[in-house]
Amino acid sequence: MTAYEPVIGIEVHVELSTDSKMFCGCAVTFGEQPNTSICPVCLGLPGALPVPNRKAIEWITEIGLALDCEVSERSVFHRKNYFYADLPKNYQISQYDIPVCHDGHLDVTVDGFTRRIGIERAHMEEDTGKSTHLGDGGRIHSAQSTLLDFNRSGVPLVEIVSKPDIQSAAEARAYAHELRALVAELGVSDARLEEGSIRFDANVSVRPEGNDELGTKIEIKNMNSFRSLERAIDFEIRRQIQVLEAGGELLQETRHWDEGTDVTHSMRTKEGSSDYRYFTEPDLAPMVMDRAWVDEIAARIPELPAQRRARYIAAGLDASLAGVLSDSEPLLRSVFDEALAAGASPKGAANWLTGEVTAHMRRNEDSELSLTGAQLAELIALVEEGTVSSSAAKEVLEGVLTGEGDPAAVAESRDLIQISDTSALEAVVDEVLADNPDAVQSYAAGEKKAVGFLVGQVMTKTQGKADPRIVNALLGARLDR
Amino acid sequence: MPVDIDIAHVARLARLDLTEDELEAYKSQLSVILDHAARVQSLEGDPHVESAHPLGLVNVYREDEVRPSLDREEVLAQAPESVDGFFVAPPALDNP
Amino acid sequence: MSFLTDLNIVEAGELLRSGEVTAVGLLEAVFDRAHKTEAQLHAFLTLDYGGARAAAEAADDHLAAGIDQGPLQGIPVALKDNMCTRGVETTAASQILAGYQPPYDATVVTRLRDAGAVIVGKTNLDEFAMGSSTENSGYGTSFNPWDISRVPGGSSGGSAAAVAIGSAFTALGSDTGGSIRQPASLSGIVGLKPTYGTVSRYGLIAFASSLDQIGPLSKTVTDAALTLETIWGHDPLDATSYAGPYPDPASGLDLGVSGMKVGVVTELSGEGYEPEVEAAVARMIDQLAKAGAEIVELSLPTFEIALSAYYLIAPAECSANLARFDGIRYGHRAEGATTEALMARTRAEGFGPEVTRRILLGTYALSAGYYDAFYGQAQRVRAAIQEDFARAYESVDVLVSPTSPTVAFKAGDRVDDPLAMYLSDICTIPSNLSGHPAMSVPIGVDAQGLPIGFQVMAPALGESTMFRVAAEVERLAAFAAKPQLAEVVS
């Protein structure tokens, strides 16, 4: 039996969240009434002409730089010619052989192993309108008619193409996830899969392990979540191997992932492959990205997810916690940075923020946060000093989050301050030992668990405020005498 | 010199539903014109020409500002078929 | 009444400002002229009396209030029907746009309106500006006022005929391979293509994006300068629009040609050129020499393959520009069970043979496997032509030639021979490929009484130089003949 290895490339389309469209001043909107954000340009009326959005060019450059790409010193637009009802000019203004950015990379971690995935290019183009197919459940092949809405036509679109470096479905998912996080961090797109502001297509082929030659490349579309991306690629790899092992041949085609039945379907192939007849767009001027402009754009790039995770790990967090914190709300992350500055332990701060604080926000469906880094640092210190027990600290946090005041004040007012006075506790411990001779006997007889009961008794007598660490130490000392 | 033109394929690419007779006629006309046009091959030169603009314009952009859109009614009045604010077309045979 | 329609813009402007005529009066004269000549000429596809009347009244109001909007205020103007006019049918002379009313004005239209011009209607053209005779119009051809059995030239034939006969004082056309200059030459008027990028193409129904330019067809060189100055200038809606500074063509019209160097292009003569055309051009060159110009003979060898390059570049760009006509959002729609079938049937029904021919040619030239040999190579030739021009302008100020190798030919003579039709543009095409300005000035008629045009070409943004020479040519030619068309009340 031949062992096969998958070869995977991912193509991403990112809708930029500029105010206006790529080639005209119509607003970039979402969910508006159909055909309300249109003009001669994005509708493809006779006589219309495109003029590129400067901000879109800056943003694609930013994306490329964040992916360590080369920025083409001189790049041009091309016309990609094909007929489709949602493409008003029946050509798309795109880029062909000189994209704005090329030859970059993105590091992706799966199960603790980090690999570098090459990025072929990032180029600028315009989005198409939207077709809704009426009749027979919205499936293209049995529709009665097509309804067309051109609000989306002309929205700036960045296409990012990876090199075929991805080696598993899990890695593909991680790549997609990381790329989405990067784009969102730059603030250039809403990057929401479910809204379509970021879209992923996969190119999957298999070959015998160790072979250099690439197998038949098959494109997979319609994966609308990270989970379906992984599952679709997994399925497709297995399908391709099955076909080859049965002695069959694979067709170069486009397949559609069906979430309901968990399979990829062949989309009806057109006669022959597409001839897009690319030629340089005569209505647009070449783009010259000089050093000064590129440097200006580079200076705007914020801390990227990978850099942030590395910083957290350097501060002492393990990879998993660093990842969770890095993916969390920007609000939480800035509290984390504040807390570190106030001297809090990184692990403690991270655990509180990704745990109790996140849970609180979810429970209360709150996007606001009444917690400063200084307060968090204070809370952590209170626990470390033993002033508040770790379970009582949760209550203190609740009080801080609901605006009752700073942690020390909340602990005070809610009477959560632990009793740490050893001599006071000694008295209580002695009382409990005197009151519970059977337990003492059990312990002496070898039932070490009996100490738990005794600790419980001390806690009850002190209304839960005794520092359990001190209680344990005192009991231990007496029992083991 | 003249290449054999797959005129049916070209007509399909260009979405022109022509009859057999028309295709034949256009094919021979195109042959004659291309014969003449092929004279361009007599010139030796640099492969990549980027822009023919005589004034060498580069970096022409607009700022990211929203401008008023067209009135939908005025636009749809020109549409052969529309309903509920949408343009209406028959179903597509293929995906692009 | 015909006295008024014989005036030029400067003369009419004087009368308007002295109060001897009103804009409405000019309009009435022009419409009267149109009604008496249209049956024979078919220069117009649409005459918009209502819109024109409102504009004329507004111009009169402004004049009365002492508001001077410029030289085109109150002047009746015609527009080639490939320029979008909001709410007024715009067809590009194609059946595929029958009944189409654009929801916006072309930039040049806005500028004319702002200048107080009175737009009388939309003129006939070869369908989508593809042709040299106007016979390719989807609505029937136009005819030459000098001989109505002949063509007025194309593709801006309707505009040329209208100005020649006086149904408009000035008109706009578009020039992609000579479509303003050649009809101006065949119809005995002035026509020019400005430097590429100086007149906005926003709202011009595109034929070949890197070649199309809008320009004036006028009765005199001065009128052409005034019209050009009204419509040109930077437009942020056109990314190929030049930001400036712009030359001042009207300023040098009286300077004469003394001390100037005039280049004669040797390639633009010989076989295919009518002897009377060549003789008239040679006579004018002699007159220029006597007026103080130094005449230099020059060879621009790439001109030999300019036509070939043009007939690859223009169709390639047009095949993409005309893809939007698919029956989905506007225009004619045919029957079709699927989008693909509907589009293909719509386009086959809506486009005429010349347009179909060029779309097929362009699609082929761009298609896989043929791009390099055809379109790619044509762009290289274009670059070489630009170099030839640059070299020439190191030693001369302007280049001259006939505008067209022949005078107006008979309708029907060339329709069955596309290549013969294409050869009409052999003198005009090089300056479209280079993007340089060029203009045609009428210098006389041949033995049959048919007009001959003289072409002046200048470097990019050299309009001042070009107009200076053209004005001298106009003076020397003293061309006063008018077409003798018996008016027929229609």
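Protein chains in written order, with my numbering: chain A, 1 to 481; chain B, 482 to 577; chain C, 578 to 1067. The C-beta atom is built at its ideal place from N, Cα and C for all residues, glycine as well. No experiment lies behind these values; they were computed from the predicted model shown.
Test: residue i CB closer than 8 Å to a CB of chain A
| i | result |
| --- | --- |
| C/I905 | yes |
| C/S795 | no |
| B/E546 | yes |
| B/Y542 | yes |
| C/G780 | yes |
| B/L494 | yes |
Distance CB(residue i)-CB(residue j) smaller than 8 Å
| i | j | result |
| --- | --- | --- |
| A/E178 | A/L106 | yes |
| C/G708 | C/E871 | no |
| C/L938 | C/P982 | no |
| B/A492 | B/L504 | yes |
| C/A620 | C/T718 | no |
| A/P34 | A/N203 | no |
| C/A606 | C/T623 | no |
| C/A633 | C/A600 | yes |
| C/L702 | C/G743 | no |
| C/D800 | C/V587 | yes |
| C/G780 | C/I696 | no |
| A/G47 | C/C661 | yes |
Residue i at chain C interface by Cβ criterion, 8 Å
| i | result |
| --- | --- |
| B/P549 | no |
| B/V564 | no |
| B/F568 | yes |
| B/V521 | yes |
| B/V513 | yes |
| A/P40 | yes |
| A/E271 | For A/E271, the pLDDT reaches just 47, beneath the cut-off of 50, and the residue's location in the model is therefore unreliable, although a value from the coordinates is still provided. Judged by the 8 Å Cβ criterion, A/E271 is not in contact with chain C. |
| A/L43 | yes |
| A/P50 | yes |
| B/L499 | yes |
Exposure label - residue i; buried when at least 16 CB within 10 Å
| i | result |
| --- | --- |
| A/A393 | buried |
| C/Y626 | exposed |
| A/Q144 | exposed |
| A/F77 | buried |
| C/L1062 | buried |
| A/N53 | buried |
| B/M482 | In this prediction, B/M482 scores a pLDDT of 44, lower than 50, which makes its location untrustworthy; the coordinate-derived value is nonetheless stated afterwards. B/M482 should be labelled exposed. |
Proximity winner among the options, relative to residue i (alpha-carbon distances)
| i | options | result |
| --- | --- | --- |
| A/T2 | A/N211, A/D19 and A/E281 | A/N211 |
| C/D637 | C/Q617, C/G602, C/G627 and C/A669 | C/G602 |
| C/D974 | C/A997, C/E848, C/V841 and C/T940 | C/V841 |
| C/Y999 | C/A1015, C/G715 and C/A886 | C/A886 |
| B/R496 | C/A955, C/T915 and C/A1047 | C/T915 |
| C/S595 | C/T582, C/G643 and C/T667 | C/G643 |
| A/M124 | A/G64, A/E378 and A/L193 | A/G64 |
| C/T843 | C/S835, C/S1017 and C/A859 | C/A859 |
| A/D262 | A/R291, A/N222, A/Q463 and A/M287 | A/N222 |
| A/L397 | A/P164, A/I10 and A/L369 | A/L369 |
| C/G664 | B/L574, B/Q559 and B/A518 | B/Q559 |
| B/A570 | C/D812, C/D703 and C/Y907 | C/Y907 |
| A/H133 | A/S168, A/A170 and A/A85 | A/A85 |
Minimum Cβ-Cβ distance from residue i to chain B less than 8 Å
| i | result |
| --- | --- |
| A/Q242 | no |
| C/R910 | yes |
| A/S391 | no |
| C/P822 | no |
| A/V110 | no |
| C/P813 | yes |
| A/K465 | no |
| A/L157 | no |
Contact test: residue i Cβ vs the ligand PLP heavy atom, cutoff 7 Å
| i | result |
| --- | --- |
| A/L376 | Only the bare structure without any ligand can be found here, which leaves the ligand PLP out of the picture. |
Whole-Å CB distance - residue i paired with residue j, under 8 Å assumed
| i | j | result |
| --- | --- | --- |
| C/S1008 | C/K770 | 7 Å |
| A/P88 | A/G129 | 7 Å |
| C/V958 | B/V521 | 5 Å |
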